[in-house]
Amino acid sequence: MKTYNEKLAEKIEKITAGGQKKYHEKLREANKLFVRDRLLILFDNGEYEEDGRFANCVEKDLPADGVVTAIGKINNQTVCVMANDSTVKAGTWGARTVEKIIRIQETAEKLQVPLLYLVDSAGARITDQLEMFPGRRGAGRIFHNQVKLSGMIPQICILFGPSAAGGAYIPAFCDIVIMVEGNASMYLGSPRMAEKVIGEKVSLEEMGGAKMHCTISGCGDVLAQNEQQAIEYAKKYLGYFGANFQKLPNKETPKMPIPGRSLEEIIPENQNVPFDMYELIHQLIDEESFFEIKKLFAPELITGLARINGQVVGIVANQPKVKGGVLFVDSSDKAAKFIQLCDAYSIPLLFLADVPGFMIGTMVEKAGIIRHGAKFISAMSSATVPKISVIIRKAYGAGLYAMCGPAFEPDVCIALPTAQIAVMGPEAAINAVYSNKLAEINDNKERMNFVKDKIDQYKEEIDIYKLASQLVIDEIVSPSNLRTTLAQRLLHYSSKQISLPYRKHPVYPV
Amino acid sequence: MVELKAQMAGIVYELLVKEGQQVTAGQTVIIIESMKMEIPFEAEADGTVIKINVAEGDFVNEEDVLITIA
């Protein structure tokens with residue numbers, strides 16, 4: 001006769017072993033970890049408390065109903081986690097799966113702590129659809145809760161396997177999505193379904209693979225090479241955030257930037273010659289403090305979390321090396337989401353501008369560049385965290401506006417001596433203003449001299465000291481003093497308070 | 001075979017390679033002038049330039065194939 005403790009231990013052993021052996025083998029073949037092994041790496045000391053472990057324990061082959069919901073610590077901060085078990089019915093959602101996910105969301109809300117979604121699921125369990133799909137506490141409620149929690153507690157998705165059909169909205173509503181290359185995928189309809197319904201023949205990787213989502217669709221933010229790396233990324237990311245929107249981000253011991261060339265050496269004076277903005281960023285921030293978001297997507301704009309003298313900052317920087325740093329539809333979306341993320345969690349924003357403007361031409365107009373640009377400008381404009389705008393070189397046209405130009409209430413607009421602020425660059429301006437006159441001059445040499453004179457006049461007109469003299473910009477600093485002034489100002493601005501106007505919410509451009 | 005496509009609309013400012021020439025990944029092969037900026041485009045793979053579809057001064061649109069490397 002077994003004691004009750006023996007019976008309990010037996011039950012637990014069976015549940016925590018997950019699904020059938022053959023499915024564990026499949027995991028190994030795909031270089032994937034079992035859900036409980038992922039949790040061991042994720043939590044401090046591998047320790048966590050689990051709820052709903054016995055879900056469906058009287059049924060056959062449905063241990064924990066295919067999802068582990070747990071609470072534990074990461075970097076000494078309490079967090080909640082939901083993690084699919086793909087060895088149980090391919091991680092599909094049954095009625096109890098959905099109920100468990102909803103409950104862990106409710107727990108995270110009550111405790112005001114971050115929530116991580118470790119996704120590896122083939123979607124709804126069709127056999128359970130009536131119980132799990134349409135009702136008040138059906139799967140839709142998961143997404144409703146995610147939207148409700150957005151901006152209240154950090155929500156992070158690590159995608160280890162598929163996130164299919166309706167389930168694909170879990171990553172979509174998270175603050176950040178980390179994807180494991182080769183295994184992670186997101187799609188509404190599988191390739192098999194695509195072939196049946198619309199006649200398209202396509203591979204899963206091509207249609208909804210991690211690399212595609214991180215480079216083209218923008219649904220993924222960080223591409224990891226393997227599961228361990230993905231988990232490490234999630235831990236590092238959490239280190240920049242307080243537990244909820246009312247907490248300030250964590251400070252760390254200041255570090256010096258990596259050794260490298262000076263800003264004077266990095267920035268070419270000729271406005272039209274590209275340089276690598278990454279090199280400049282690394283000379284401003286603490287060593288190894290950069291956590292880039294959407295690195296592979298719209299690389300003409302760089303967005304990432306970093307530390308300057310130990311203080312967390314969100315960087316939005318133009319990359320002149322890619323597409324001349326011109327802003328496009330995707331770069332605008334990228335900026336808008338990143339700015340909203342930083343603003344929600346009290347992370348100050350640093351704008352590093354070297355931007356010729358928004359792209360022009362038929363293609364981008366058809367793609368709605370104006371409404372996409374409006375998202376960027378609206379997010380930047382409504383952000384109430386400390387905002388520091390630095391004009392590195394050019395800031396032309398609406399590019400100046402998007403990069404938090406003087407009209408958008410930055411706490412300071414700093415110019416480097418290489419800065420040039422104008423509606424458009426000198427060459428474009430002269431061509432626009434004097435196009436008739438230029439057409440009348442037949443002699444080539446005469447025309448070139450005329451253009452040169454006018455360009456010189458124009459450059460005088462937009463001279464950075466003239467702008468500073470008229471208080472358009474607040475300060476001009478030497479590139480070598482930039483890091484110091486940024487560190488000081490971040491400290492001073494940390495008490496910034498802005499109350500929002502009374503209304504429900506703006507009508508955001510989309 | 002790798003097709004190098006224009007990432008943005010603009011004018012071909014300078015062609016730095018000829019058909020038949022060997023190139024290495026990361027080598028700048030063409031410069032497009034757009035938005036008054038010189039935008040360098042690099043070869044994405046090692047190989048031989050087998051076809052150049054554009055000439056200096058041509059207008060190219062986003063996604064147009066500029067150079068084919070094999």
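Taken in sequence, the protein lines are chains A and B. Okay, so the first sequence: first residue is 1 according to UniProt numbering, each after it adds one. Okay, so the second sequence: first residue is 1 according to UniProt numbering, each after it adds one. All C-beta atoms, glycine included, are put in the ideal place defined by N, C-alpha and C.
Taking residue i as the reference, give the member of the options with the closest Cα.
{"i": "Asp456 of chain A", "options": "A:Ala317, A:Ile430, A:Leu438 and A:Tyr493", "result": "A:Ile430"}
{"i": "Phe160 of chain A", "options": "A:Phe34, A:Ala55, A:Ser382 and A:Asp61", "result": "A:Phe34"}
{"i": "Leu42 of chain A", "options": "A:Ala402, A:Gly151 and A:Ala230", "result": "A:Ala230"}
{"i": "Lys375 of chain A", "options": "A:Ile360, A:Phe351 and A:Ala402", "result": "A:Ala402"}
{"i": "Gly151 of chain A", "options": "A:Ile473, A:Gly19 and A:Gly242", "result": "A:Gly242"}
{"i": "residue 130 of chain B", "options": "B:Gly57, B:Met8 and B:Ile30", "result": "Since the first residue of chain B shown is 1 and the last is 70, residue 130 of chain B is not available in this structure."}
{"i": "Gly220 of chain A", "options": "A:Ile170, A:Gly399 and A:Glu13", "result": "A:Ile170"}
{"i": "Ile473 of chain A", "options": "A:Gln225, A:Ala419 and A:Lys445", "result": "A:Ala419"}
{"i": "Val507 of chain A", "options": "A:Lys2, A:Arg261, A:Tyr237 and A:Ser382", "result": "A:Ser382"}
{"i": "Glu300 of chain A", "options": "A:His282, A:Pro320, A:Gln311 and A:Asn309", "result": "A:Pro320"}
{"i": "Thr127 of chain A", "options": "A:Tyr278, A:Lys89 and A:Asn270", "result": "A:Lys89"}
{"i": "Phe290 of chain A", "options": "A:Phe297, A:Ala298 and A:Glu279", "result": "A:Glu279"}
{"i": "Ile339 of chain A", "options": "A:Asn442, A:Met380 and A:Leu438", "result": "A:Met380"}
{"i": "Gly18 of chain A", "options": "A:Thr303, A:Arg53 and A:Phe173", "result": "A:Arg53"}
{"i": "Arg371 of chain A", "options": "A:Asp333, A:Leu400 and A:Cys342", "result": "A:Asp333"}
Check whether chain A comes within 8 Å of residue i, counting only Cβ atoms and requiring the distance to be less than that.
{"i": "Lys5 of chain B", "result": "no"}
{"i": "Glu19 of chain B", "result": "no"}
{"i": "Glu62 of chain B", "result": "yes"}
{"i": "Glu38 of chain B", "result": "yes"}
{"i": "Met35 of chain B", "result": "yes"}
{"i": "Met8 of chain B", "result": "yes"}
The beta strand (DSSP E) spanning residue i covers which residue range?
{"i": "Asp61 of chain A", "result": "From DSSP, Asp61 of chain A is part of no beta strand (DSSP E); its letter is neither H nor E."}
{"i": "Gly72 of chain A", "result": "Val67 to Ile74"}
{"i": "Ser185 of chain A", "result": "Ser185 to Tyr187"}
{"i": "Lys51 of chain B", "result": "Gly47 to Ile52"}
{"i": "Glu50 of chain A", "result": "Tyr48 to Asp51"}
{"i": "Ile391 of chain A", "result": "Lys387 to Tyr396"}
{"i": "Asp354 of chain A", "result": "Leu349 to Val355"}
{"i": "Gln488 of chain A", "result": "First-last for Gln488 of chain A: Leu482 to His492, but that is the alpha helix (DSSP H), not the beta strand (DSSP E)."}
Would the beta-carbon of residue i fall within 8 Å of that of residue j?
{"i": "Ala25 of chain B", "j": "Ala6 of chain B", "result": "no"}
{"i": "Val412 of chain A", "j": "Ala367 of chain A", "result": "no"}
{"i": "Pro348 of chain A", "j": "Gly314 of chain A", "result": "yes"}
{"i": "Lys387 of chain A", "j": "Pro406 of chain A", "result": "no"}
{"i": "Arg38 of chain A", "j": "Leu115 of chain A", "result": "no"}
{"i": "Ile178 of chain A", "j": "Tyr233 of chain A", "result": "yes"}
{"i": "Asp85 of chain A", "j": "Ala64 of chain A", "result": "yes"}
{"i": "Val390 of chain A", "j": "Leu352 of chain A", "result": "yes"}
{"i": "Ala306 of chain A", "j": "Ile285 of chain A", "result": "yes"}
{"i": "Gln20 of chain A", "j": "Thr87 of chain A", "result": "yes"}
{"i": "Val355 of chain A", "j": "Tyr396 of chain A", "result": "yes"}
{"i": "Ala70 of chain A", "j": "Glu49 of chain A", "result": "yes"}
{"i": "Phe297 of chain A", "j": "Gly218 of chain A", "result": "yes"}
{"i": "Thr92 of chain A", "j": "Ala139 of chain A", "result": "no"}
{"i": "Leu327 of chain A", "j": "Gly373 of chain A", "result": "yes"}
{"i": "Gly304 of chain A", "j": "His282 of chain A", "result": "no"}
With 8 Å as the threshold, decide whether the Cβ of residue i is near any Cβ in chain B.
{"i": "Val326 of chain A", "result": "yes"}
{"i": "Lys459 of chain A", "result": "no"}
{"i": "Gly357 of chain A", "result": "yes"}
{"i": "Asn31 of chain A", "result": "no"}
{"i": "Ala298 of chain A", "result": "no"}
{"i": "Ala335 of chain A", "result": "no"}
{"i": "Ala428 of chain A", "result": "yes"}
{"i": "Lys323 of chain A", "result": "yes"}
{"i": "Val451 of chain A", "result": "no"}
{"i": "Met363 of chain A", "result": "yes"}
{"i": "Asn309 of chain A", "result": "no"}
{"i": "Val329 of chain A", "result": "no"}
{"i": "Pro268 of chain A", "result": "no"}
{"i": "Gly218 of chain A", "result": "no"}
{"i": "Val423 of chain A", "result": "no"}
{"i": "Asn444 of chain A", "result": "no"}
Could you spell out where the alpha helix (DSSP H) holding residue i opens and where it closes?
{"i": "Phe376 of chain A", "result": "Ile369 to Ser382"}
{"i": "Val79 of chain A", "result": "From DSSP, Val79 of chain A is part of no alpha helix (DSSP H) but of the beta strand (DSSP E) over Gln77 to Asn84."}
{"i": "Ala243 of chain A", "result": "Premise fails: Ala243 of chain A is in no alpha helix (DSSP H) and is neither H nor E."}
{"i": "Cys342 of chain A", "result": "Val329 to Ala344"}
{"i": "Ala419 of chain A", "result": "No alpha helix (DSSP H) holds Ala419 of chain A; DSSP gives it neither H nor E."}
Can you determine whether any heavy atom of the ligand SAM sits closer than 7 Å to the C-beta of residue i, and answer yes or no?
{"i": "Ile421 of chain A", "result": "Although the ligand SAM was asked about, the structure shown includes no ligands whatsoever."}
Complete runs of the beta strand (DSSP E) confined to the segment 451-477 of chain A [at least 3 residues]:
Runs of the beta strand (DSSP E) inside the segment 451-477 of chain A: none found.
Every unbroken alpha helix (DSSP H) within the segment 104-178 of chain A, with a cutoff of 4 residues, ordered by chain
With a minimum length of 4 residues, the unbroken runs of alpha helix (DSSP H) contained wholly in the segment 104-178 of chain A fall at 129-132, 139-149 and 169-172.
Along the chain, which unbroken stretches of the beta strand (DSSP E) at least 3 residues long are found entirely within the segment 254-313 of chain A?
List check, beta strand (DSSP E) in window: 291-293 and 301-308.
May I have a chain-ordered list of the alpha helix (DSSP H) segments no shorter than 4 residues that lie completely inside the UniProt domain "Lipoyl-binding" (1-70) of chain B?
If only complete runs of 4 or more residues are kept, the UniProt domain "Lipoyl-binding" (1-70) of chain B shows no alpha helix (DSSP H) anywhere.
At 3 residues or longer, what runs of the beta strand (DSSP E) sit wholly inside the segment 199-226 of chain A?
Within the segment 199-226 of chain A, the runs of beta strand (DSSP E) at least 3 residues long that lie entirely inside it are, in chain order, 222-224.
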